[in-house]
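In our numbering, the protein residues as written are 92 to 256.
Structure (C-alpha coordinates):
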(Lines of atoms letter the chains of each structure in order from A and count residues from 1; the text may use other names and numbers.)
(Lines give C-alpha, C1' and ligand atoms only; values in the text may rest on other atoms or scores of the structure.)
Protein backbone atom coordinates (compact mmCIF):
# COMPACT_ATOMS: atom_id res chain seq x y z
CA UNK A 1 0.00 0.00 0.00
CA UNK A 2 2.83 2.40 0.83
CA UNK A 3 4.46 1.60 -2.52
CA UNK A 4 1.25 2.60 -4.30
CA UNK A 5 1.07 5.77 -2.22
CA UNK A 6 4.64 6.64 -3.20
CA UNK A 7 3.68 6.01 -6.84
CA UNK A 8 0.83 8.53 -6.64
CA UNK A 9 2.96 11.02 -4.67
CA UNK A 10 5.27 11.19 -7.70
CA UNK A 11 2.54 12.54 -10.00
CA UNK A 12 2.47 16.25 -10.81
CA UNK A 13 -1.24 16.57 -10.00
CA UNK A 14 -0.43 15.53 -6.43
CA UNK A 15 2.83 17.48 -6.19
CA UNK A 16 1.13 20.71 -7.30
CA UNK A 17 -2.02 20.32 -5.25
CA UNK A 18 -3.24 23.46 -3.51
CA UNK A 19 -3.63 23.88 0.20
CA UNK A 20 -6.59 22.38 2.03
CA UNK A 21 -8.19 22.79 5.44
CA UNK A 22 -5.86 23.19 8.38
CA UNK A 23 -5.95 20.68 11.21
CA UNK A 24 -3.62 21.78 13.96
CA UNK A 25 -1.59 19.44 16.11
CA UNK A 26 -2.06 21.44 19.29
CA UNK A 27 -2.95 20.10 22.72
CA UNK A 28 -6.71 20.59 22.31
CA UNK A 29 -6.90 18.92 18.89
CA UNK A 30 -4.83 15.91 19.93
CA UNK A 31 -6.92 15.41 23.06
CA UNK A 32 -10.16 15.71 21.05
CA UNK A 33 -8.83 13.19 18.51
CA UNK A 34 -7.78 10.76 21.25
CA UNK A 35 -11.06 10.94 23.17
CA UNK A 36 -13.09 10.79 19.95
CA UNK A 37 -11.21 7.64 18.92
CA UNK A 38 -12.00 5.88 22.18
CA UNK A 39 -15.65 7.01 22.07
CA UNK A 40 -16.00 5.73 18.50
CA UNK A 41 -14.41 2.42 19.45
CA UNK A 42 -16.75 2.06 22.45
CA UNK A 43 -19.82 2.90 20.35
CA UNK A 44 -18.77 0.36 17.75
CA UNK A 45 -18.34 -2.33 20.40
CA UNK A 46 -21.65 -1.50 22.10
CA UNK A 47 -23.79 -1.12 18.96
CA UNK A 48 -21.87 -2.72 16.08
CA UNK A 49 -24.79 -2.78 13.63
CA UNK A 50 -25.17 0.97 13.90
CA UNK A 51 -21.59 2.12 14.41
CA UNK A 52 -19.63 -0.47 12.38
CA UNK A 53 -17.96 2.23 10.20
CA UNK A 54 -16.12 3.47 13.29
CA UNK A 55 -14.02 0.30 13.13
CA UNK A 56 -12.03 1.82 10.27
CA UNK A 57 -11.41 5.28 11.69
CA UNK A 58 -11.32 4.97 15.49
CA UNK A 59 -7.84 3.43 15.56
CA UNK A 60 -6.41 6.34 13.58
CA UNK A 61 -7.96 8.85 15.99
CA UNK A 62 -6.29 6.99 18.86
CA UNK A 63 -2.87 6.44 17.26
CA UNK A 64 -2.35 9.86 15.62
CA UNK A 65 -2.23 11.75 18.96
CA UNK A 66 0.06 9.09 20.44
CA UNK A 67 2.48 9.60 17.55
CA UNK A 68 2.34 13.36 18.05
CA UNK A 69 2.94 13.06 21.80
CA UNK A 70 5.91 10.73 21.20
CA UNK A 71 7.38 12.99 18.53
CA UNK A 72 6.84 10.44 15.76
CA UNK A 73 6.01 11.47 12.19
CA UNK A 74 2.29 12.07 11.80
CA UNK A 75 -0.08 13.29 9.13
CA UNK A 76 -0.76 16.29 11.34
CA UNK A 77 2.81 17.41 10.59
CA UNK A 78 1.43 18.25 7.15
CA UNK A 79 -2.24 19.08 7.70
CA UNK A 80 -1.36 21.80 10.21
CA UNK A 81 -0.02 23.79 7.27
CA UNK A 82 -2.89 22.74 4.98
CA UNK A 83 -0.74 20.23 3.08
CA UNK A 84 -2.97 17.25 2.33
CA UNK A 85 -0.70 15.69 -0.31
CA UNK A 86 0.44 12.82 1.95
CA UNK A 87 -3.18 12.03 2.85
CA UNK A 88 -4.27 12.14 -0.80
CA UNK A 89 -1.31 9.94 -1.78
CA UNK A 90 -2.24 7.42 0.91
CA UNK A 91 -5.88 7.41 -0.17
CA UNK A 92 -5.09 6.95 -3.85
CA UNK A 93 -2.51 4.30 -3.01
CA UNK A 94 -4.86 2.30 -0.83
CA UNK A 95 -7.66 2.45 -3.41
CA UNK A 96 -5.36 1.10 -6.11
CA UNK A 97 -4.11 -1.60 -3.77
CA UNK A 98 -7.68 -2.40 -2.67
CA UNK A 99 -8.74 -2.86 -6.28
CA UNK A 100 -6.10 -5.56 -6.73
CA UNK A 101 -6.79 -7.15 -3.33
CA UNK A 102 -10.46 -7.41 -4.21
CA UNK A 103 -9.73 -8.66 -7.73
CA UNK A 104 -7.51 -11.46 -6.38
CA UNK A 105 -10.10 -12.26 -3.72
CA UNK A 106 -12.82 -12.56 -6.38
CA UNK A 107 -11.11 -15.52 -8.03
CA UNK A 108 -9.76 -17.08 -4.85
CA UNK A 109 -11.15 -20.09 -3.08
CA UNK A 110 -11.88 -19.73 -0.25
CA UNK A 111 -12.67 -16.04 -0.52
CA UNK A 112 -14.21 -13.17 1.38
CA UNK A 113 -17.78 -12.19 0.57
CA UNK A 114 -18.74 -8.78 1.92
CA UNK A 115 -22.09 -7.56 3.15
CA UNK A 116 -22.10 -3.88 4.00
CA UNK A 117 -25.24 -2.97 5.98
CA UNK A 118 -27.41 -0.42 4.19
CA UNK A 119 -25.04 -0.32 1.20
CA UNK A 120 -24.87 -3.85 -0.18
CA UNK A 121 -25.24 -2.89 -3.85
CA UNK A 122 -23.08 -2.23 -6.92
CA UNK A 123 -20.29 -4.66 -6.20
CA UNK A 124 -16.85 -4.31 -7.73
CA UNK A 125 -15.66 -7.88 -7.44
CA UNK A 126 -17.03 -9.04 -4.04
CA UNK A 127 -16.89 -5.60 -2.40
CA UNK A 128 -19.84 -3.18 -2.54
CA UNK A 129 -18.75 0.20 -3.90
CA UNK A 130 -19.36 1.94 -0.58
CA UNK A 131 -17.20 -0.68 1.13
CA UNK A 132 -14.15 0.70 -0.66
CA UNK A 133 -14.63 3.82 1.47
CA UNK A 134 -13.44 1.77 4.44
CA UNK A 135 -10.03 1.59 2.86
CA UNK A 136 -9.51 5.37 3.17
CA UNK A 137 -9.25 5.44 6.98
CA UNK A 138 -7.44 2.08 6.81
CA UNK A 139 -4.61 3.85 4.96
CA UNK A 140 -4.39 6.49 7.70
CA UNK A 141 -4.35 3.78 10.37
CA UNK A 142 -1.54 1.94 8.59
CA UNK A 143 0.50 5.14 8.39
CA UNK A 144 -0.01 5.87 12.09
CA UNK A 145 0.63 2.27 13.16
CA UNK A 146 3.74 2.05 10.97
CA UNK A 147 5.30 5.08 12.64
CA UNK A 148 4.31 3.94 16.13
CA UNK A 149 5.88 0.51 15.54
CA UNK A 150 9.05 2.08 14.13
CA UNK A 151 9.37 4.01 17.38
CA UNK A 152 9.09 0.81 19.40
CA UNK A 153 11.76 -0.78 17.18
CA UNK A 154 14.10 2.13 17.85
CA UNK A 155 13.85 4.01 14.54
CA UNK A 156 12.68 7.60 14.62
CA UNK A 157 12.59 8.90 11.03
CA UNK A 158 12.30 6.34 8.23
CA UNK A 159 14.05 7.29 5.00
CA UNK A 160 12.11 4.79 2.93
CA UNK A 161 8.56 6.14 2.98
CA UNK A 162 8.50 8.94 0.43
CA UNK A 163 4.94 10.20 0.30
CA UNK A 164 5.69 13.50 1.97
CA UNK A 165 7.24 16.46 0.15
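Glycine residues also receive a C-beta, built at the ideal position from the N, C-alpha and C atoms.
query: DSSP-derived helix/strand/coil call for residue 244; result: coil
query: For residue 219, three-class secondary structure by DSSP; result: strand
query: Length of the line joining the Cα atoms of residue 172 and residue 141; result: 35 Å
query: Contacting residues, own chain, Cβ-Cβ under 6 Å from residue 150 (five flanking each side not counted); result: 232
query: Bridge-paired residues (DSSP) for residue 214; result: 219
query: Proximity test, residue 201 beta-carbon vs the ligand NAD heavy atom, cut-off 7 Å; result: Because no ligand of any kind appears in the structure shown, any question about the ligand NAD cannot be addressed here.
query: Exposure of residue 212, with buried meaning 16 or more beta-carbon neighbours within 10 Å; result: exposed
query: Any alpha helix (DSSP H) of 4 or more consecutive residues that is wholly inside the region 170–214; result: 176–197
query: Extent of the continuous alpha helix (DSSP H) run through residue 116; result: Counting along the chain, residue 116 falls outside any alpha helix (DSSP H), and DSSP gives it neither H nor E.
query: Residue 98 - DSSP class collapsed to helix/strand/coil; result: helix
query: Status (buried if at least 16 other CB within 10 Å, exposed otherwise) for residue 174; result: buried
query: Whether residue 156 touches residue 169 by CB criterion (8 Å); result: no
query: Integer Cβ distance of residue 217 from residue 190, believed to fall under 8 Å; result: Between residue 190 and residue 217 the Cβ distance is about 12 Å, and since that is not below 8 Å, they are no contact.
query: Euclidean distance between Cα positions of residue 283 and residue 94; result: The question about residue 283 has no answer here: the residues shown for the chain are numbered 92 through 256.
query: Secondary structure of residue 158, DSSP reduced to three states; result: helix
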